[in-house]
Amino acid sequence: MKYLGLKIGVILILFFSIAYVTLATEKGRPYYEKKGYVLWEIKTEEKVIALTFDDGPDQTYTTQILDLLAKYDAKATFFVIGERAEKYPDLIYKLDSEGHEIANHTYTHPHSITPEKLEKELKKTNEVIHDITGTYPLLYRPVGGNYNDNIINTAVKNGYKVIMWSWHQDTEDWKRPGVNRIVTKVMSGAAPGNIVLFHDAGGDRSQTVQALEKILPELQKQGYSFVTVSELLDRTSVEVIKK
Ligand SMILES: [Zn+2]
């Protein structure tokens, strides 16, 4: 019995430590959304959806996805990893010349990062992309979607907008849950202004490609068109931070 207080104390400390880490974003979504620093989705009546692809480019899957997007006259946003962009400049060039948006997903894809390192990774990636396309990306997506005040402030200070995704549109395609699960996830919640999260690299993404083969015609049939995140931003009244 005499250790009960101690045990409760330890449990409480653990609980609050976990809560603190989880809630490391002190200012929270409403603040950042209103400021226009971070975007999850937009409110609109227009039937537009932004498809986004992380972790590429990849020689096999990015190419297959590009063919599908072209078939449905769809534009998308690719959050590329700098070192992969450097390795596959032709794919970056192709993405750009086919009218898709290229955005920054760090240089080495580290799962935790200091503000100093993030600043370097963002800059390095942007230089790689600029060398190929002549354009500096303005959008950045944190690795794993993990953000906190430090990450957001660093990105904003360097002229970026942080792009997340609609919480109900996380396909979790990287877990390879099966084509139907991916399709159902997107179709059941599809709404104007959504941002959908896919991955075009980092492993076998054939399920993502097969799911898109179903999702694209189905959403098109429902009257949706597919725009880049920047185009989506142009349709919102929320003030956008631009360089
Ligand atoms: Zn990623």
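Residue numbers for the sequence shown follow the working numbering, so the first one is 36 and each next one is one higher. Just so you know, even glycine gets a beta-carbon here, dropped at the ideal spot from N, CA and C.
Helix, strand or coil at residue i [DSSP, three-state]
{"i": "residue 234", "result": "strand"}
{"i": "residue 112", "result": "strand"}
{"i": "residue 229", "result": "coil"}
{"i": "residue 61", "result": "coil"}
{"i": "residue 102", "result": "helix"}
{"i": "residue 90", "result": "coil"}
{"i": "residue 208", "result": "helix"}
{"i": "residue 145", "result": "coil"}
{"i": "residue 181", "result": "coil"}
{"i": "residue 123", "result": "coil"}
{"i": "residue 224", "result": "helix"}
{"i": "residue 277", "result": "Because the pLDDT of residue 277 is 37, which lies under 50, any placement of that residue in the model is unreliable, and the number read from its coordinates should be weighed accordingly. In the structure shown, residue 277 sits in coil (DSSP, three-state: anything other than H, G, I, E or B)."}
{"i": "residue 56", "result": "Since pLDDT at residue 56 reaches only 48, below the 50 mark, its modelled position is unreliable, and the value read off the structure follows with that caveat. Helix at residue 56."}
{"i": "residue 107", "result": "coil"}
Residues that DSSP places opposite residue i in a beta bridge
{"i": "residue 196", "result": "174"}
{"i": "residue 83", "result": "260"}
{"i": "residue 139", "result": "115 and 175"}
{"i": "residue 73", "result": "197"}
{"i": "residue 131", "result": "The partner list for residue 131 (beta bridge, DSSP) is empty, contrary to what the question assumes."}
Chain D within 8 Å of residue i, Cβ atoms only
{"i": "residue 134", "result": "This model lacks chain D altogether; it includes just one protein chain."}
Checklist entry - Of all residues in the structure, which have a C-beta closer than 6 Å to any heavy atom of ligand 1, taken in chain order? => result This criterion selects 89, 90, 140, 144 and 178.
Checklist entry - Given 8 Å as the limit, is there contact between the stretch 165-184 and the stretch 131-146, that is, 3 or more CB pairs closer than that? => result Short answer: they touch.
Next on the checklist: Would you call the stretch 212-220 in contact with the stretch 234-244, where contact means no fewer than 3 C-beta pairs closer than 8 Å?
Outcome noted: Proximity of the stretch 212-220 to the stretch 234-244 meets the contact definition, three or more beta-carbon pairs being nearer than 8 Å.
Checklist entry - Taking three-plus beta-carbon pairs below 8 Å as touching, is the stretch 112-124 in contact with the stretch 151-166? => result Result yes; three or more Cβ-Cβ pairs closer than 8 Å.
Item to check | At least three beta-carbon pairs within less than 8 Å, the stretch 146-157 to the stretch 121-129 | outcome: Verdict: no, contact absent.
Checklist entry - Quick one: any contact between the stretch 91-101 and the stretch 220-239, if contact means 3 or more CB pairs under 8 Å? => result Under the Cβ criterion (8 Å, minimum of three pairs), the stretch 91-101 counts as touching the stretch 220-239.
Checklist entry - Contact between the stretch 221-237 and the stretch 193-207: three or more CB pairs below 8 Å? => result Touching, per the Cβ criterion.
Next on the checklist: For the pair the stretch 74-88 and the stretch 256-274, tell me if three or more CB-CB distances fall below 8 Å.
Outcome noted: Yes, the stretch 74-88 touches the stretch 256-274.
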